[in-house]
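> Okay, here's the structure, questions in a sec.
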Amino acid sequence: MSTVWLDPTEVEPAPTAAPRPRPLHKRLMHVVRRLHLYLGLFLFPWAVLYGVTAFLFNHPAAFSDQPTTTFGPAATAGTALAEAPAPTAVAEAVVAKLNEQQTPATPYKLAGAAKFARDFAFATVKADSQTVSVLLDVKNGGGTVRVTPPAVEKAEPEKAPFATGAAKAGGRDKGGKGGTRGGMKGGATNAPGEGVKLPDQLHDRFKAAVPTILERTGFPTGEVTVTSVPDISFPVEADGRTWTASYNPQTGAVSGSPEGAAPATELGWRRFLLRLHTTHGYPGEQTARWFWAVVVDVMAGTMCFWGVSGLVMWWQLKGTRKLGAVVLVFSAAAATVLTLGIHAALTG
């Protein structure tokens, strides 16, 4: 018997089966998990920002840039507040006084328990050139004391040489007079002169167009009142200096401040974070605020997606379905009860 030696290079490899594609639902779950992960990584700074600012809103005394302290019922012991009448006692006295003053045929009766309509009482004290604010929790007896440092005296703003007219704050345009909301920034506006009145400005055209806008959008029309229009800001060179001028079309007032002047109000870090939290809406041009609004929308959509994708991923783990369902039902019930309770508190 002879042995035949074969060259390995001459042996044809056995055909291998092509890999089977993954089922569609597994591929979709892979996409969901990756989106859940990478959206979380991308929006991590904003998630932290929302968490921090929500804490600051809920705890006004936390990390305050003003001296703040809290006090408990012990601070009011021995004071007039220690024996303050309860709401029901006050209500009974009011009803009795009404019966005494008005002598109705059928005497008034207290029909239920009384309660404070709000939780807090406020007081301010002027002391040593500063303001001390006291907040009292009328239900629990504690409160907060906050000190507002004395305002730093600022030099009178330099008046622009071209300033004229005066802005009438809160004015309304019904065909002549008007004002601006938050307008006329910068230098003084109480300058002599009647201002610069130009024909056919934005407020005039807006007033003329409103009836047509309402008609085309299906709303009733009537007397039109233009409450505010934005100022127009522009640089002006005067006396060899550059000024930032502000013109209010409704009043005709022109004011100005030197270029590069410090802002009228300072923005502390705490207030800045809270303003970030409440900044909303899309401005008319693509500035940083516009892109911030985009991120807010993305964050809102992502938070909803996290909830849904979390449910989907939880359902894939069969061992956690029963306990997860119990937690989910408890969460839904707690959210419903709290929502109804807050609604009652806000509308009661």
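Just so you know, UniProt numbering puts 69 at position 69 of the sequence shown, and the rest follows in order with no gaps.
Backbone N, C-alpha and C define an ideal beta-carbon position, used for all residues, glycine too.
Here the structure is a predicted model, which is why all the values come from computation and not from measurement.
CA-CA distance, Leu54 and Tyr282?
According to the sequence shown, residue 54 is Ala rather than Leu. Rounded to the nearest angstrom, the two C-alpha atoms are 22 Å apart.
> Can you grab the Cα-Cα spacing for the pair Ala96 / Pro150, in whole Å?
Taking the straight line from one Cα to the other gives about 47 Å.
> On the criterion of 16 or more Cβ atoms from any shown chain inside 10 Å, does Trp243 qualify as buried, or is it exposed?
Looking at its Cβ environment, which holds 16 or more other Cβ atoms inside 10 Å, Trp243 is buried.
> Apart from the five residues on each side of it in sequence, which residues of its chain come closer than 7 Å, Cβ to Cβ, to Leu24?
Closer than 7 Å at the Cβ level, and outside the excluded window around Leu24, lies no residue.
> Cutting at 7 Å between CB atoms, please list the residues of its own chain near Trp46, excluding the five before and the five after it.
Once the five neighbours on either side are set aside, the close Cβ partners of Trp46 are Val295, Met299.
> Quick check on Tyr321: does DSSP put it in helix, strand or coil?
Correcting the residue identity first, residue 321 is Arg in this sequence and not Tyr. In this structure, Arg321 counts as helix in the three-state DSSP scheme.
> With DSSP as the reference, label Tyr282 as helix, strand or coil.
Here Tyr282 sits in coil by DSSP.
> Can you give me the start and stop residues for the alpha helix (DSSP H) that Arg241 sits inside?
Unbroken run through Arg241 is the beta strand (DSSP E), 241-247; no alpha helix (DSSP H).
> Pairs of beta-carbons, one from the region 300-320 and one from the region 31-46, closer than 8 Å: are there three or more?
In short, these stretches touch, since the Cβ pair count reaches three.
> Quick one: Cα of Thr226 to Cα of Glu237, how far?
The sequence as given places Val at residue 226; Thr does not occur at that position. So the two alpha carbons sit approximately 32 Å from each other.
> With three or more beta-carbon pairs closer than 8 Å as the criterion, would you say the region 132-147 touches the region 106-124?
Yes: the two stretches touch, three or more of their Cβ pairs being nearer than 8 Å.
> Could you compute how far the alpha carbon of Glu285 sits from the alpha carbon of Trp292?
Going from the Cα of Glu285 to the Cα of Trp292 covers about 12 Å.
> Counting only the same chain and skipping the five closest in sequence on each side, list residues whose C-beta sits under 7 Å from that of Gln130.
Only Val147, Thr148, Pro149, Pro150 meet the Cβ criterion.
> For a quick check, are the C-beta atoms of Thr302 and Leu43 less than 8 Å apart?
Going by C-beta atoms, Thr302 is nearer than 8 Å to Leu43.
> What does the Cβ neighbour count give for Asp231, buried or exposed, with the cut at 16 atoms within 10 Å?
So Asp231 counts as buried.
> Let's see if you can read the secondary structure: which residues bound the beta strand (DSSP E) around Val226?
Note, Val226: premise wrong, no beta strand (DSSP E); not H, not E.
> Hey, quick one: how far does the beta strand (DSSP E) through Lys139 stretch, first residue to last?
No beta strand (DSSP E) contains Lys139, which DSSP labels as neither H nor E.
> Label Tyr247 either buried or exposed according to how many other C-beta atoms from any shown protein chain fall within 10 Å of its C-beta, with 16 as the threshold for buried.
Looking at its Cβ environment, which holds 16 or more other Cβ atoms inside 10 Å, Tyr247 is buried.
> Got a sec, what are the start and stop residues for the alpha helix (DSSP H) Ser64 sits in?
Per DSSP, Ser64 belongs to no alpha helix (DSSP H) and is neither H nor E.
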